[in-house]
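Here is the structure we will look at.
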Amino acid sequence: MNDIAHWLAALRLHILSSEPALLAMFDLYAAEARFGRHFIEEDLRALRVGSAILEVGAGALLLSTQLVREGYAVTALEPTGHGFGHFARLRGRVLEYSKAQACCPVLLEIEAEQLDSRLGFDLCFSINVMEHVSAVERVIERVTGSLKPGASYHFTCPNYLFPYEPHFNIPTLFCKAWTERLFSRRISTHPALDDPAGLWRSLNWITVTQVRRTVRRDPALRVRFQRSLLVRMLARAASDAQFSARRSTWLVALLRGLHFLQLHRLAAFIPATLQPVMDCRITRITPPN
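Letter by letter, the sequence shown follows residues 0 to 288 in numbering that gives the first Met the number 0.
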């Protein structure tokens, strides 16, 4: 059985028997892995078994190992930067089990800005990673440079044109500096985060217009923003307890009300520049120079 539910259940049993203190963290990232697998479903359908895939920011490797199980040649890029030191122990347990099960991806412990652009991937993707890279333009250049012609970099992350910061559940005030000044106490002492100060430093305030402007500099690239992801995420907020637990009570109540009335479907009509989350696909049309 190659479905992700079967793999995550097996990994959970391994965590339970080897280091049960990590179970809560595992359950959190297992939910993200299930979301990620659904996010790239359309991309995977267009690929042959054995295709080369890069996950940019692979975290605890839950999704990368699953894709290896499905027959893909997977490279997992994960430098473990500021605010994410808690990945180390969980990732170690996942690596130990995936090696025993012969489904371990190639691991690149480098920054995305350092990626070799000559690797030639059939698909690159990332889930909630691009808001943490130190140089958005450089990462787009390096990752898209590693694509084969016709291949895409498909990613989702917050869009900071929308005045909300999802990691800390706070509204934003025009820029990062003003937001930090107003919410400094909450940012520095957030109880649900392993390293709130480090996580805050990692945020780059990425926007849809910034990505679009960067891609337009390279005539070999095309960019498209899907608007339906927000509908799915609003529905998820109404049904996924773990997802809702990381959001403000008032926000969850509002989202559940919208879902009950089916008004969340109207989110698909909101322009990409005004949505709180971006679903971006950058496709390479011709080989890189």
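Every residue, glycine too, gets a C-beta built ideally from N, C-alpha and C.
Close beta carbons around residue i, own chain, < 6 Å, minus the five adjacent residues each side
i	result
M24	L89
Q225	D278
A51	A72, F120 and D121
Three-state secondary structure assigned by DSSP to residue i
i	result
Y159	coil
F154	strand
T171	coil
R185	helix
L146	strand
Contact set for residue i: own chain, Cβ-Cβ below 7 Å, skip 5 residues either direction
i	result
L62	A32, G35, R36 and E54
F38	I126 and T155
L233	L254, L257, H258, H263 and A266
R211	V222
P162	P170 and T171
Residue i, buried or exposed, once every other Cβ within 10 Å from all chains shown has been counted against 16
i	result
S16	exposed
E40	exposed
W199	buried
I284	exposed
T213	buried
Residues of its chain near residue i, where Cβ-Cβ distance is below 8 Å and the 5 sequence neighbours each way are ignored
i	result
S145	L53, L114, D115, S116, R117, L118, G119, F120 and C123
Y28	G58, A59, L61 and L89
Below-8 Å beta-carbon distance, residue i vs any chain B residue
i	result
R255	Of the protein chains in the structure, only one exists, and it is not chain B.
beta-carbon residue i near the ligand PLP non-hydrogen atom, thresh 7 Å
i	result
L118	The ligand PLP is absent from the structure shown, which contains no ligands of any kind.
Contact between the region 114-127 and the region 148-161: three or more CB pairs below 8 Å?
yes
Quick check on the DSSP output: what are the complete alpha helix (DSSP H) runs of length 4 or more inside the region 33-98, in order along the chain?
40-44 and 61-68
Touching or not, the region 133-147 and the region 108-123, by the rule of three or more beta carbon pairs under 8 Å?
yes
Indicate whether the contact test is met: 3 or more Cβ pairs, each with one atom in the region 65-77 and one in the region 102-112, closer than 8 Å.
yes
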